[in-house]
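J.:
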């Protein structure tokens, strides 16, 4: 089934303990699209860039099956730019530069050809832009998932809660879940998010895996312990893209299938962090992905047949 | 098979955001023995207490199948006492009082009747005392596991490394693993510990579960997300006791069986934190335990049969 991806397409400059990059291509929408393309041959994308954005990347999107009709290219304007520096433990970072540029007044125009999209992934953007996308779809998609971040909780909490009430799945990290709900225990935080609207809440815990709360069901997906995390940028978006790409490809929205989708999302995220930016996602194959998924199966598999 | 447990038997006074206790019974040896007693009908215990220690607790140990011949009762001396206060996030605590008392010059005497013990669990004690226990056993047990803590890394690192080289399994938490090895990535830290001697390393991550590194195999056990952690005291020792109790009961030392043992240990630890001190361990039944283990199975179970 068709996936509509909405998210930033950007330039990032990243510094980690292992090195630093000049401006490279990033953005939530970019990671989501690249990740979901492992599962689906076609997807629709809504985004905005300036005319400084390389057309070669738009070609790359197309080769990956991304319909770029909804990517607005603003003449004489500059693409969204973010620069950040990771601390030694790679679990926290400082934002050095944020230049919104074209993202500042982003109006998410939905091409007519996108109207039949049955899955919608809203990458981190202002909650108003996210809600506008939903409102502009003539038919509500079968499944709507959204990401967000603490920034919107700080400056636009009411808007954010309104958008959250419109979606089926909220994907956030543990600190964001705690900030949004005021609950420290993630199980309580998830219940409170569910009371805001979404039946499904996915809480990402970085190197500690992810929790899937779906109605009354609970699944704990581990993260693969890695020897080296080279650059965490985009890992969460890659996870979300893999999750939604898998669901859209299979068309089945059930707890059992969401578990599989989370394993695939986690596997793709574990690749993402191995090199700077999108480098690793660009080079791995479906065979690499299946191999990594098998590592997850071995990592978590046990049978409790009692021997005592 | 028979389990020999060596560890502190103590008084604790605990303060958490939910309340505080007067002196209650605690100590690594206590939690290990209570936890392992869910699996084995008999175990041997080596510990030391003062004559202020209630004989009723020694009777409780006996009822749980604990051979108390090796618990020295020092006349005119006082039992080890620890007091601590947990911070609001329950992940860190301040030690308020440490009175070593009888533990200060603990000489771990092994009764002759204990010499045939085939499994040995060394609770957190000075590495010299732990090594003395191993050296006093005429026949090396089939499996030796030890716990330790950062305190010994600070003041007795050489002794600690020597003791670690003598055991099969090191059970520590993530911060201890990082301090011991200087490696931030737990996969690298575990490899370094393995190079010190133990073929098996278990890294406890609290609410994030535990990692089992056994030779070249890796298993990620989740922790059950809880709505409330009432008192974390003893959770790690309860985990270790359940792990070794399960292995000793089954007699099988394999990667597959260690995975089961970790699930049982995790399940017992998840009970431990629900009330102050040993209260919850004292009241739950084997049926409660099996019910909780089934929750772990449901929490982590997935099948990757592809639907896309």
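Residue numbers (our numbering), protein chains in the order written: chain A, 1 to 308; chain B, 1 to 308.
By construction, the Cβ of each residue, glycine as well, lies at the ideal position given by its N, Cα and C atoms.
Can you tell me the Cα-Cα spacing of residue 168 of chain B and residue 140 of chain B, whole angstroms?
T.: Whole-angstrom Cα-Cα distance: 11 Å.
J.: Okay, do the region 160-177 of chain B and the region 196-212 of chain B touch, 3+ Cβ pairs below 8 Å being the bar?
T.: Flag = yes, the region 160-177 of chain B and the region 196-212 of chain B touch.
J.: Mapping the DSSP letters down to three states, classify residue 118 of chain B as helix, strand or coil.
T.: Looking at residue 118 of chain B - three-state DSSP - the assignment turns out to be coil, as it is neither helix nor strand.
J.: Is it buried or exposed for residue 26 of chain A, if we count other Cβ within 10 angstroms and need 16 for buried?
T.: Residue 26 of chain A is buried by the Cβ-count criterion.
J.: Out of A/45, A/285, A/255, which one is the CA nearest neighbour of residue 267 of chain A?
T.: Nearest C-alpha to residue 267 of chain A: A/285.
J.: Using a 10 Å radius around the Cβ and a threshold of 16 neighbouring Cβ atoms, would you call residue 104 of chain B buried or exposed?
T.: The residue is exposed, with fewer than 16 neighbouring Cβ atoms inside 10 Å.
J.: Can you tell me whether DSSP reads residue 217 of chain A as helix, strand or coil?
T.: Strand at residue 217 of chain A.
J.: Quick check on residue 263 of chain A - is its C-beta less than 8 Å from some C-beta in chain B?
T.: Yes - at least one Cβ of chain B is within 8 Å of the one on residue 263 of chain A.
J.: Between which two residues does the alpha helix (DSSP H) containing residue 190 of chain B stretch?
T.: That run of the alpha helix (DSSP H) goes 186-196.
J.: Please list, in chain order, all residues of the same chain as residue 299 of chain A whose beta carbon is under 7 Å from its beta carbon, the five residues on each side excluded.
T.: Contacts found: 222, 224.
J.: Is it the case that the Cβ atoms of residue 7 of chain A and residue 44 of chain A are separated by a distance below 8 Å?
T.: No, the Cβ-Cβ distance between residue 7 of chain A and residue 44 of chain A is not below 8 Å.
J.: If we define contact as Cβ-Cβ less than 8 Å, is residue 297 of chain B a contact residue for chain A?
T.: It does; some Cβ of chain A falls within 8 Å.
J.: Can you give the Cα-Cα distance for residue 307 of chain B and residue 187 of chain A, rounded to whole angstroms?
T.: At residue 307 of chain B, the pLDDT of 48 sits below 50, so the modelled position is not reliable; the number obtained from the coordinates is stated separately. For residue 307 of chain B and residue 187 of chain A, the distance between alpha carbons rounds to 29 Å.
J.: Going by the beta-carbon positions, is the gap between residue 119 of chain A and residue 258 of chain A smaller than 8 Å?
T.: No, the Cβ-Cβ distance between residue 119 of chain A and residue 258 of chain A is not below 8 Å.
J.: Can you name the start and end residues of the alpha helix (DSSP H) that residue 262 of chain B belongs to?
T.: From DSSP, the alpha helix (DSSP H) with residue 262 of chain B extends over 255-272.
J.: To which residues of the same chain is residue 9 of chain A closer than 6 Å at the C-beta, ignoring the five residues directly before and after it?
T.: So the qualifying residues of the chain are 27, 29, 30, 47, 49.
J.: Restricting to Cα atoms, I'd like to know which of B/136, B/91, B/204 is closest to residue 148 of chain B.
T.: Ranking the options by Cα distance to residue 148 of chain B, first place goes to B/204.
J.: Does residue 237 of chain A come out as helix, strand or coil in the three-state DSSP assignment?
T.: Helix, per DSSP.
J.: Alpha carbon to alpha carbon, how far is residue 301 of chain A from residue 254 of chain A? Give it in angstroms, no decimals.
T.: Near 21 Å, if we compare the C-alpha coordinates of residue 301 of chain A and residue 254 of chain A.
J.: Rounded to whole angstroms, what's the CA-CA distance from residue 158 of chain A to residue 146 of chain A? Just pull it up for me.
T.: About 16 Å.
J.: Buried or exposed for residue 130 of chain A, going by 16 or more other Cβ atoms inside 10 Å?
T.: So residue 130 of chain A ends up on the buried side.
J.: Can you tell me whether residue 1 of chain A is helix, strand or coil according to DSSP?
T.: Here residue 1 of chain A sits in coil by DSSP.
J.: Taking only the alpha-carbon atoms, compute the straight-line gap between residue 55 of chain B and residue 152 of chain A and give it to the nearest angstrom.
T.: The alpha-carbon atoms of residue 55 of chain B and residue 152 of chain A are separated by roughly 59 Å.
J.: Who are the neighbours of residue 226 of chain A on chain B, taking C-beta pairs under 8 Å?
T.: Simply 185, 187.
J.: Against residue 276 of chain B, what residues of chain A qualify as contacts under a CB-to-CB distance less than 9 Å, listed in chain order?
T.: Here the premise fails: no neighbours, minimum Cβ distance about 18 Å.
J.: Does the beta-carbon distance from residue 41 of chain B to residue 76 of chain B come in below 8 Å?
T.: No.
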